Each structure stands twice: as structure tokens, then as C-alpha cells.
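**Student:** Residue numbers (the working numbering): -5 to 140.
Here a beta-carbon is modelled for each residue, glycine too, at the ideal position from N, C-alpha and C.
Computed from a prediction, not measured in an experiment: that's the story for all the values here.
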Amino acid sequence: MTGETSYLSSALRSELWSALGDRLRSGGALCTNADSLDSLCEIYEEITGEVAPDLVRDEIREMVVAVNEAHPETYLANGVQIGRVEMRVADSSRRIPTKIMPDPEDPEEMCIASRDPDSGEVIPAKRRGAIRYIEKSRDGSWREGR
-5 MTGETSYLSS ALRSELWSAL GDRLRSGGAL CTNADSLDSL CEIYEEITGE
45 VAPDLVRDEI REMVVAVNEA HPETYLANGV QIGRVEMRVA DSSRRIPTKI
95 MPDPEDPEEM CIASRDPDSG EVIPAKRRGA IRYIEKSRDG SWREGR
């Protein structure tokens, strides 16, 4: 936080981040800092029983930006992300913005994500029964393969 006054105790900060981690482990997804902010404000309301005032929301926003800039893999990469995946479209390769996520069975591997129409959960997309794995290329984009 940029000012001297903190509206969140260190214990409450720890509790917020712990609860956010629990949400991610249970299948929640965070794509942006705004998603993290909204989730942490919801958790704040669950813990304290009151809606986060503007000053608290601003402090949570600054905390989210600082943590996600320092460690984007910790919170943003655990859920679904948007990545540009190189795919064949109309006999040429194109980079298409696509939802990607870690494979639930092997978090070291990334795959294309889709939403299950019945349950609404985000799951790995499949083609002909096989998970659509992707690899990161040198330029930072993704391509199907494995």
C-alpha cells in the first residue's frame, strides 16, 4: 500500500489469501487482477459480515496488483488464463485467443480449457477423446502439441 494507514490487519490479509488459495484448489478460476479483487472482496464480506468499504477495496486492489506482479504463477496461473494458441484455420496457422489451464492430473502440463455444459465447471478440452495439450513457444505464444 502506498500510504501509511492500513485498513487490513496482517491476520486478515493472511486469511484472505488463504481463502483465495482454497477457492483456486477447488476449481475456481482467476483470469485478471479484477477477478482476484472481486473474489477477495467477496471473501472479505464472508469473513467480516460487511461489504468492503471503498478504502478497504482500494487497499485490496493495491495488494492484488503487488502480489500478482511479484508472483503471477501463484494465483493467476492456477486458474484459467487467456493465451494466444497457434492453430490451423482454413489451411493456415493463426494465433487465436483461447482459454488455457493447467491439466488437473498434471499441473506442470497446460491444456486448452472448456466449460462443461452440464456442471458449468471448467475442464480440459478434448479432441477425439484426448486432452488438447499445448506447449509454450519461444515468442510467448502457445501451440498445440505433445
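Ends of the alpha helix (DSSP H) at Ser87?
**Tutor:** Careful: Ser87 lies outside any alpha helix (DSSP H), inside the beta strand (DSSP E) at Ser86 to Pro96.
**Student:** Please report the distance separating the alpha-carbon of Leu49 from that of Leu14.
**Tutor:** Between the alpha carbons of Leu49 and Leu14 lies a gap of roughly 20 Å.
**Student:** Below 9 Å between beta carbons: does that hold for Ser142 and Lys93?
**Tutor:** For residue 142 there is no data in the structure shown, the boundaries of the chain being -5 and 140.
**Student:** Using a Cβ-Cβ cutoff of less than 7 Å, which residues in the same chain neighbour Ala46 once the five nearest sequence positions on both sides are dropped?
**Tutor:** Cys35, Tyr38, Glu39 and Ile54
**Student:** Distance, Cα to Cα, Ile106 vs Ala60?
**Tutor:** 28 Å
**Student:** For Ser30 and Val58, which I take to be in contact (beta-carbon distance under 8 Å), what is that distance rounded to the nearest angstrom?
**Tutor:** 5 Å
**Student:** Give the secondary structure of Arg82 by DSSP, where H, G and I count as helix, E and B as strand, and everything else as coil.
**Tutor:** strand
**Student:** Should Arg126 go down as buried or exposed, given a rule of 16 or more other Cβ atoms within 10 Å for buried?
**Tutor:** buried
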